[in-house]
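Participant: Supplied in structure tokens, the structure appears directly below.
Protein chains in written order, with the working numbering: chain G, 1262 to 1566; chain H, 1262 to 1566; chain A, 1262 to 1566; chain V, 1262 to 1566.
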């Protein structure tokens, strides 16, 4: 029987004893202001236990981790027809590359790179009355005891410098794979990325991809089992941009990272784990988060492979 | 408790009742001659049971599935330093693309695309006395009751038309990432791809990636647990060329395909499954094999996600 | 001694007797409304003669031909330091490709593709009080007896569907190679492309690249001889997108095309020729214009090679 | 009236007084042995005068300049059908890039990059009894008082390290755009590149692209006027790899460079000029050669633009 709390603490201390390498994401002014030494982890098990260490109850900008939540809501609403407009293949390129779109006629490789997430945002705008509001409700229904909000400050900060994302969205629009006004899509996209959560909230929220008995506050399953399995598969192959293979190789779990320094990973039968530390490695993933999770699955022998 | 034999038979019959779509690989003259309606599957469980259906005892050309075997031998010999010369990221490109090599200075994205497998072949040539012989011994030691051989006829047939592979190998050599004479490397590579096995032999051979207690005829572990887990992770993200994401998404198992129509897949705790049917889909993977495995993991609820 | 008027008429009649193939540019709604059978040509010689045929006095949207005019004004203002921010190499890609920018860190290959022209527009905005007004003044000073204007209707029509150009401009901005607000740059760019001129006006305007004695209405040389020669060299290698080589090969003159169906070409010692016919070939250049110019330089033996 | 000899000497002395920058091509062992300070220039005029300076009578490896000679022979033999298998567009890439071939299905962009020259070599092999012999005869017939030969030593040296070229040729073969055995094509290609000539011989040889009255020793025109004009156009846009635009921009003449440090350029009505100095700039073109020609056309006001 694994003593998660003790593994958590031992690993946390080991990582803290090493140099805190990497760089805080600097291209979004508001994100650059963060204290780079914050570090927290939370594990939630399928049995209902919860273990935390460090800054696991501090809010941070979950950034691209939110893409999985928007995708879950959209997948549930629209089913497998979403795959007509976005693929499920790893991209082999950086998170904000435009090159592949040119080859692929505006069909993003997968829904977890920026281009793909924008297409998902576009679908949500077309199929809801108020996409921003409904995404927030969806999250609060699967993470009930919390109050998850967008950070207007972060959203505006990203918008003010988001030239690459503006380029991406207009580029996809030029291929006809965005239905709505790019400005509307980008506004939703930047808000989605600005969501703030704690490690505790993140690991609780994503239990719907682990626990087949999970129900939202409305008493409903969030995704049926096949859809949940497919989301996990996409996170496994595409969750870490052009470091997805490396993460699979070292950590061996499906997961998703964000440039705010958060990483969410999960064992499909056992637990969710959320780690957060703002300094990023060269590929844009949390340095300490990656190291923590590699040690964690190694010690708990819980890689899925 | 799953009744594998009955799942195997039901699924097999269902697939056989549908049209046999796709095309036999035609670029290798010898492969093009095959009877396209052959179809077999074998499952070997961690408990030692073996189930088969159709042409599961017929030899076929395993082609790229052999890349995992050469990689296993090399990984065991040289350890993690092999990753200095080949990556672990999905390529996002077709199996024989040269484009990415130009961007990446001759470092192939992963060891399961042609370019990466050639670098592995080059390492084996440098670190063994007779690479062809030692690879064969390695395989026969982990699949003891059989006699696995190269097909000289297939190897020569591939060599006679293998311009793309000759280009790939010389291209990598031009970046300095091949140590030996390209002709030597290609000769070994074409022989490796010409290996002939049955579904039964394949599923038995790959048990070393499933069963931690597996021992070769020499009484040794083939790979330690971490290395085995990492090989599985690479198969998960890179085993099906630019359909790797799709395979993960639909089937949910680590695996590897070959243009001979074989697919090897495995559940890291439960079983190996080998399917073979020569007609390939547009991405170069066995059409019936893909369909079979999707139904199989769905019915047995044994995707790893 | 060449009888230009007779060559003009013979060639015009020959072309008119053949089918008018190709397609009018349809992506800009206002351009798509044009009568596709209009066709005019004007030749202006260094000796001052002027010859015209067909619709040579009808205004049309000169589109990308305007890039050479903005470039001339900027080159005159800023000199060779403009080449720090834009190259002089043919791109080998379509006119609105984003791929190469990613490889080249936001430095467009040359000033005659959309990306490069936007960087030139950005320079003009930074170095003039009112770029739109000054460009117009510049053109009217070198084409004195006319009234050249922007078409507000065309500019707005392009803006309404210009997603690819919005993407391009924001993409370059993300690399730091646009100084001003992308919306400002795009507004100027779309106006520049909306300029309307006749074949007569075009061939008169570009005489500053032919006749070393040419003076604007202010009594000044427009470009010194070396700069004029270099502009001609850039038109030769880059003036027709990925058909630049073909134009050089068939016509043998420096020139520039626009999606409005106009082509301006010139012999650096002899004449300017402007041809206009709205139907475009697959590469986006006027079909009849290309054919006319090939016959014209062949009959007059006036290719520069 | 231009005093070519005095321009030649003044420019030569000016260049010699500056540092001899760049690097000798080192990837071909035999080329790397050359004395890097050799420097010669020869001008041959349409009036029959000949002017030389420095090492203008020393033999050197003309390398890729030979591509224009093989192209001329092939163009004369086969006419415009050669353009079915090779384009006339600048490539926008380095001389030995494979990337574009993958996009373009094995059709090289133009006949002056390595890929295109190999396709031309393949055509010559198919349409002559002995391509090596006939190319040599062709050259000796247009440069009568000399004895032009292949350098067996250089050819073998290139073959021993020509992995990139072997890759290129096999890659094109894999698309079906090489008819003969790649080894045969490469043998001819390496011999062609090994041709040794002096500046004097080069400028005499290429007079057939300048002087419409030029006749070979067989009393024949080498190319009709239109074909000669088209060859010049291709040299203008494609003769200097990804520095073709720069050469056009600075020098303003059609030309072709070789990694042996030679540059051949010509004014289609006036003269041929051959310059040679082994040190190459970053794009693989002779540093001193480029500088010399820029000054030369500037002083003689003989750019074609």
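Even for Gly, the Cβ is constructed at its ideal location relative to N, Cα and C.
As the structure is a computational prediction, the values presented were derived from the model and not from experiment.
Return no unless some Cβ of chain H is closer than 8 Å to the Cβ of residue 1503(G).
Facilitator: True, the Cβ-Cβ gap to chain H drops below 8 Å.
Participant: Classify residue 1318(A): buried if its beta carbon has 16 or more other beta carbons within 10 angstroms, exposed otherwise.
Facilitator: Label assigned to residue 1318(A): exposed.
Participant: Along chain H, which residues have their Cβ under 7 Å away from the Cβ of residue 1494(G)?
Facilitator: 1509, 1510, 1513, 1566, listed in chain order.
Participant: Tell me whether residue 1279(V) sits in a helix, a strand or coil according to DSSP, three-state version.
Facilitator: Coil, per DSSP.
Participant: Using DSSP bridges, identify the partner residues of residue 1303(A).
Facilitator: Per DSSP, 1313(A), 1535(A).
Participant: Does the distance from the C-beta atom of residue 1290(H) to that of residue 1418(H) stay below 8 Å?
Facilitator: Closer than 8 Å, so yes.
Participant: Could you tell me which chain G residues have their CB closer than 7 Å to the CB of residue 1281(A), listed as they occur along the chain?
Facilitator: Under the 7 Å cutoff, chain G gives no residues; its nearest Cβ is about 28 Å from residue 1281(A).
Participant: Return no unless some Cβ of chain H is closer than 8 Å to the Cβ of residue 1404(G).
Facilitator: For residue 1404(G), the answer is no, since every Cβ of chain H falls outside 8 Å of its Cβ.
Participant: For residue 1497(G) and chain H, any beta-carbon pair shorter than 8 Å?
Facilitator: Output row for residue 1497(G): interface = yes.
Participant: Can you name, in chain order, every residue of its own chain whose Cβ lies under 6 Å from the Cβ of residue 1326(V), other than the five neighbours on each side?
Facilitator: Closer than 6 Å at Cβ, skipping near neighbours: 1517, 1519, 1523, 1525.
Participant: Closer than 8 Å by C-beta to residue 1275(V): which residues in its own chain qualify, once you throw out the five before and the five after it? Chain order, please.
Facilitator: Around residue 1275(V): 1556.
Participant: Mind checking residue 1294(G): buried by the 16 CB within 10 Å criterion, or exposed?
Facilitator: Answer is exposed; the Cβ neighbour count stays below 16.
Participant: Would you mind reading off the limits of the beta strand (DSSP E) that contains residue 1518(A)?
Facilitator: Note, residue 1518(A): beta strand (DSSP E), 1516-1518.
Participant: For residue 1382(H), which option in 1414(H), 1545(H), 1332(H), 1471(H) has the closest C-alpha, if you only look at C-alpha atoms?
Facilitator: Comparing Cα-Cα distances from residue 1382(H) to each of 1414(H), 1545(H), 1332(H), 1471(H), the minimum goes to 1332(H).
Participant: Given that a residue counts as buried once 16 or more other Cβ atoms are within 10 Å of its Cβ, and exposed if not, what is residue 1394(A)?
Facilitator: Exposed, because fewer than 16 other Cβ atoms sit within 10 Å of the Cβ of residue 1394(A).
Participant: How would you call residue 1498(V), buried or exposed, if buried means at least 16 neighbouring beta carbons within 10 angstroms?
Facilitator: Buried.
Participant: To test your reading of the DSSP string, which unbroken alpha helix (DSSP H) runs of 4 or more residues are found completely within the stretch 1420-1450 of chain V?
Facilitator: Runs of the alpha helix (DSSP H) inside the stretch 1420-1450 of chain V: 1424-1435.
Participant: Rounded to whole angstroms, what is the Cα-Cα separation between residue 1389(H) and residue 1421(V)?
Facilitator: Roughly 25 Å between the two C-alpha positions.
Participant: Measure the alpha-carbon distance for residue 1350(A) versus residue 1358(A) and round it to whole angstroms.
Facilitator: Using only the alpha carbons, I get a separation of about 15 Å.
Participant: Is the CB-CB distance between residue 1302(A) and residue 1553(A) below 8 Å?
Facilitator: Yes. Within cutoff.
Participant: Please identify the residue among 1279(G), 1496(G), 1336(G), 1329(G) whose C-alpha is closest to the C-alpha of residue 1566(H).
Facilitator: It is 1496(G).
Participant: Which full runs of the beta strand (DSSP E) of 3+ residues lie inside the stretch 1307-1388 of chain A, going along the chain?
Facilitator: Counting whole runs of 3 or more residues, the stretch 1307-1388 of chain A contains the beta strand (DSSP E) stretches 1311-1315.
Participant: Which value, in whole angstroms, describes the spacing of the CA atoms of residue 1436(H) and residue 1367(H)?
Facilitator: One C-alpha to the other measures close to 5 Å.
Participant: Do residue 1409(A) and residue 1462(A) come within 8 Å of each other at the CB atom, strictly closer than that value?
Facilitator: Against a cut-off of 8 Å, the Cβ pair of residue 1409(A) and residue 1462(A) comes out as a contact.
Participant: If you draw a straight line from the C-alpha of residue 1485(G) to the C-alpha of residue 1541(G), how long is it?
Facilitator: Those two C-alpha atoms are separated by around 34 Å.
Participant: Check this for me: beta carbons of residue 1464(G) and residue 1304(G), under 8 Å apart or not?
Facilitator: Contact: yes.
Participant: Beta-carbon within less than 6 Å of residue 1560(H)'s beta-carbon, same chain only, minus the 5 sequence neighbours each way: which residues are those?
Facilitator: Only 1268 meet the Cβ criterion.
Participant: Looking only at its own chain, which residues have a Cβ that is under 8 Å from the Cβ of residue 1316(A), when we skip the five neighbours before and after it?
Facilitator: Here the set comprises 1299, 1300, 1301, 1460, 1537.
Participant: At 8 Å on the CB atoms, spell out the chain V contacts of residue 1363(H), in chain order.
Facilitator: Near residue 1363(H) (Cβ distances below 8 Å), the residues of chain V are 1358, 1359, 1360.
Participant: Taking the alpha carbon of residue 1335(G) as the reference point, which residue from 1280(G), 1399(G), 1558(G), 1307(G) has its own alpha carbon closest?
Facilitator: That would be 1399(G), whose Cα lies nearest to the Cα of residue 1335(G).
Participant: Which residues in chain V sit within 7 Å of residue 1438(A), going by Cβ to Cβ distance?
Facilitator: Near residue 1438(A) there are no residues of chain V at all, since even the closest Cβ is about 18 Å away, more than 7 Å.
Participant: Which complete alpha helix (DSSP H) runs does the stretch 1474-1512 of chain V hold, if anything under 4 residues is left out?
Facilitator: Fully enclosed alpha helix (DSSP H) runs of 4 or longer: 1486-1499, 1505-1511.
Participant: Cβ closer than 8 Å: which chain V residues qualify as neighbours of residue 1490(A)?
Facilitator: The answer, in chain order, is 1513, 1564, 1566.
Participant: Say whether chain A places a C-beta atom closer than 8 Å to the C-beta of residue 1325(G).
Facilitator: So, not an interface residue.
Participant: Would you identify the three-state DSSP class for residue 1471(G), choosing helix, strand or coil?
Facilitator: Coil at residue 1471(G), not helix or strand.
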